[in-house]
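Asker: Handing you this structure, nothing more for now.
Residue numbers (our numbering), protein chains in the order written: chain U, 1199 to 1615; chain V, 1199 to 1615.
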């Protein structure tokens, strides 16, 4: 078939695209950024390096409840020769120390509270004995700095908190608020326009006439876009007509950062998609056809520096191609230096899976528990049925250079949470 | 210390709570549900079983481009003895078949299109030869049903699409829209009230005076709540005062389905939290203290059928306890039958980790690549520093019954994407 003139393995196809997108020293696409409140920044990607405006903590903090004192005064203390300290006061939580310790003096310290003036260590309350109302006995020495978080020990002033391209996790939001950074610059969420192509498609709320089916892939793909941090823009269903599809695609490129054709399933319609991508602008189609099953008829293109994908109409294919090509592209244009690894689990194959060398295969599997092991059982059902994917818990990859996998093999199962 | 009267392993502590929450045949908490558009239902949990209102597909569909015909007419066809068929028309995409085939007749079929009347199989176009404008030659027989998706083969009418308690993935949304189900009943997002306790805490936008620090854990915990499908309700900072905290906690229980005390760090404040949970209602404190490091001082409670957690003030502890107790509780009250496994990756330990039998340890690690392996390197830094967690890529568990882990051991690393 002439359309598959340069069938590539998925990883190479992705590289062809990312190479064309790369600019700058880090080889990343330029970021368009926006400010967001830190509290809303979970899963966003930093658009610039963030440096600490202050030291953390700003004062020496006790890590235990006990007594702050000068460590040197405890040296040599033992059960046989206890050291005695006069308790000269306390440093209440949330307050600057109003008391200082001299030789043989101690001040009550609370976990998270400040040390008394001149104190350089804290003795845990469990390691002390009250002798009388103002005197304690210590039978073990402490080292200078013991049970203390020093000024700047968490982070120093001017230290880099995050480089550009960092995907923000729950603890990262806590670390920013700890420094008083309540607003940060992050990569804008890429908008992904999704066009559903096909005379046979009707909207989900319509009743299909014989020969028609409801649009499936738009909604699956939109959810996958959301999971990868993008904003889906559903452009609806477009009939198999060159000029209608070209106009809709142009509108998609205006509105969005990435354009996805959720393709009609017949060969003639696939050809139409490639023609339209060529008509949209330069360089147009970069890859047409992948050494992948399902997913062979996928198209990868680029128009005006915006990635364009032609996803096969087959639901399993569309999901596999999205995962291998669109997802990493989304993280790339968000400037994310280390995209999260897709969710996987390991399991043992219940039966042999045949494949062909020179092609990556993805096989839907169901996960079962058996004798304490997790078993991956291939799901029967044609890959053009959406329920094949719904009855599956994940996909097993049969690598490119492999003729198949044997029953009992330990495999990684890609999950779609 | 009297407060740790019933220190439990985290999994047992969770079970104590879930047993008290369980009702009904499936041992799940009662669901409060709400209708949502299917397109917005990613990551939501079905509140009731959904059955298919129709068969899918509703008509026999071709899976290839070719010719639909009666399979029996191809039996015996071979290179030496081809079968000849008269092409009597086509069935255009999106249309009901207006043509039927008789003996020795075929109709043009498109991928995804309907079969001609009386046809029961499709021959791929690649396996045919045009003889003249109305005649094709076939050299290989097809079986009845070959290259056809039968009515109801994807899903049958009345078949269960999802049971109650199903966490909706991208493909599930596609499967529902395929059936015209554009609105579904899902578990309401649980509201989780978060109280930050401590005289020393100030809001992130305030400048802390000496002895004060900004609130960290509220924001980390709020993000963890979001990741587990909950809605965080930040109730702000409350000073170390019994009646103030009790009033704030009562308000939290009114507003939310789960109440979290992000605890002040000193022992006296921890005691206050337990007292408040006891004052809130029955049964109050269920577990006080876990055989866990960090995270030992955690509290698990229940008031008016609403889970209540006292998280330690230490950021690493708070995150570990959330992950082991609050996250599974959130999925439980959402009615989720199979919560997604936490994100993990496997790596080799770079050095020994010491632990103590009878206690689960969690150690922050950084992931490095070395000779093609992923290496987990323990992060130095006190666990009461938020940046210990930020500099880490994940946490390694040292199991309860284990005295430690050796360098080179393969370990699962819990990631926090």
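Every residue, glycine too, gets a C-beta built ideally from N, C-alpha and C.
I want to know whether the segment 1284-1299 of chain U touches the segment 1243-1250 of chain U - three or more CB-CB distances under 8 Å.
Answerer: no
Asker: Go through its chain and collect everything with a Cβ distance to residue 1432 of chain U's Cβ below 7 Å, but skip five positions before and after it.
Answerer: 1392, 1416 and 1420
Asker: If you draw a straight line from the C-alpha of residue 1373 of chain V to the C-alpha of residue 1414 of chain U, how long is it?
Answerer: 7 Å
Asker: Tell me whether residue 1225 of chain U sits in a helix, a strand or coil according to DSSP, three-state version.
Answerer: Summary for residue 1225 of chain U: the model assigns pLDDT 48, below 50, so the residue's position carries little reliability, and this model does not support an answer.
Asker: Classify residue 1343 of chain U as helix, strand or coil using the three-state DSSP reduction.
Answerer: coil
Asker: Below 8 Å between beta carbons: does that hold for residue 1306 of chain U and residue 1390 of chain U?
Answerer: no
Asker: Going by other Cβ atoms of all chains shown within 10 Å of its Cβ, with 16 needed for buried, is residue 1611 of chain U buried or exposed?
Answerer: buried
Asker: With a CB to CB cut of under 6 Å and the five nearest residues on each side skipped, what residues in its chain are close to residue 1202 of chain V?
Answerer: Residue confidence is low: residue 1202 of chain V scores 47 on pLDDT, short of 50, so the model does not pin down where it sits. No coordinate-derived value is stated.
Asker: Compare the beta carbon distance of residue 1529 of chain U and residue 1426 of chain U with 8 Å and say whether it is the shorter of the two.
Answerer: yes
Asker: Do the CB positions of residue 1607 of chain V and residue 1546 of chain V come within less than 8 Å of each other?
Answerer: yes
Asker: Using DSSP's beta-bridge definition, name the partner residues of residue 1305 of chain V.
Answerer: V:1266
Asker: Identify every run of the beta strand (DSSP E) within the segment 1478-1505 of chain V, keeping only runs that are complete inside it and at least 3 residues long; order them along the chain.
Answerer: 1481-1486 and 1497-1501
Asker: In three-state terms, what does DSSP make of residue 1529 of chain U?
Answerer: It is helical.
Asker: Short of 9 Å Cβ to Cβ, which residues in the segment 1369-1381 of chain V face chain U?
Answerer: 1369, 1370, 1371, 1372, 1373, 1374, 1375, 1376, 1377, 1378, 1379 and 1380
Asker: Tell me where the alpha helix (DSSP H) around residue 1452 of chain V begins and ends.
Answerer: 1440-1453
Asker: Which residues in chain U sit within 9 Å of residue 1511 of chain V, going by Cβ to Cβ distance?
Answerer: 1309 and 1310
Asker: Using the Cα positions of residue 1227 of chain V and residue 1428 of chain V, report the straight-line distance between them to the nearest angstrom.
Answerer: Because residue 1227 of chain V sits at a pLDDT of 49, beneath the cut-off of 50, its placement in the model cannot be relied upon, and the point is left open.
Asker: Taking beta-carbon pairs under 8 Å, can you tell me which members of the segment 1283-1303 of chain U lie near chain V?
Answerer: Of all residues in the segment 1283-1303 of chain U, the ones placed with a Cβ closer than 8 Å to any Cβ belonging to chain V are 1289, 1290, 1291, 1292, 1293, 1294 and 1295, in chain order.
Asker: Inspect the CB distances between the segment 1502-1514 of chain U and the segment 1580-1595 of chain U and report whether three or more fall short of 8 Å.
Answerer: yes
Asker: Going by other Cβ atoms of all chains shown within 10 Å of its Cβ, with 16 needed for buried, is residue 1377 of chain U buried or exposed?
Answerer: buried
Asker: Leaving out the 5 sequence neighbours to the left and right, which residues in its chain are closer than 6 Å to residue 1360 of chain V when beta-carbon positions are compared?
Answerer: 1244 and 1248
Asker: Going along the chain, which residues of its own chain have a beta-carbon closer than 6 Å to the beta-carbon of residue 1207 of chain V, five neighbours each way excluded?
Answerer: Correct list, in chain order: 1489 and 1598.
Asker: Note down, in chain order, each residue of its chain lying with its Cβ closer than 6 Å to the Cβ of residue 1364 of chain U, except the 5 sequence neighbours on either side.
Answerer: 1244
Asker: Roughly how many angstroms lie between the CA atoms of residue 1541 of chain V and residue 1522 of chain U, to the nearest whole one?
Answerer: 19 Å
Asker: So, does the CB of residue 1441 of chain V fall closer than 8 Å to a CB anywhere in chain U?
Answerer: no
Asker: CB-CB under 6 Å to residue 1295 of chain V, same chain, minus the five flanking residues each way: which ones, in chain order?
Answerer: 1289, 1312, 1314 and 1315
Asker: Please confirm whether residue 1491 of chain V has its beta-carbon closer than 8 Å to some beta-carbon of chain U.
Answerer: Not a single C-beta of chain U is nearer than 8 Å to the C-beta of residue 1491 of chain V.
Asker: Residues of the segment 1570-1588 of chain V in Cβ contact with chain U at a cutoff of 9 Å, in chain order, please.
Answerer: Using a CB distance below 9 Å, the part of the segment 1570-1588 of chain V facing chain U consists of 1579, 1580, 1582, 1583, 1584, 1585, 1586, 1587 and 1588, ordered along the chain.
Asker: Starting from the Cα of residue 1563 of chain V, find the closest Cα among V:1302, V:1382, V:1299 and V:1551 and give me that residue.
Answerer: V:1551
Asker: At least one CB of chain U closer than 8 Å to the CB of residue 1237 of chain V: is that the case?
Answerer: Yes, residue 1237 of chain V counts as interfacial toward chain U.
Asker: CB residue 1304 of chain U to CB residue 1343 of chain U, shorter than 8 Å?
Answerer: no
Asker: What do you reckon, are the CB atoms on residue 1325 of chain V and residue 1336 of chain V nearer than 8 Å?
Answerer: In this structure, residue 1336 of chain V lies closer than 8 Å to residue 1325 of chain V by Cβ.
Asker: Under the DSSP definition of a beta bridge, which residues are partnered with residue 1336 of chain V?
Answerer: Residue pairing by DSSP puts residue 1336 of chain V in a beta bridge opposite V:1281 and V:1326.
Asker: Measure from the C-beta of residue 1353 of chain U to each C-beta in chain V and report whether the shortest distance is under 8 Å.
Answerer: At a cut-off of 8 Å between beta-carbon atoms, residue 1353 of chain U makes contact with chain V.
Asker: State the Cα-Cα distance for the pair residue 1450 of chain V and residue 1217 of chain V, rounded to the nearest angstrom.
Answerer: Approximately 23 Å between the Cα atoms of the pair.
Asker: To which residues of the same chain is residue 1214 of chain U closer than 8 Å at the C-beta, ignoring the five residues directly before and after it?
Answerer: 1206, 1484, 1485 and 1498
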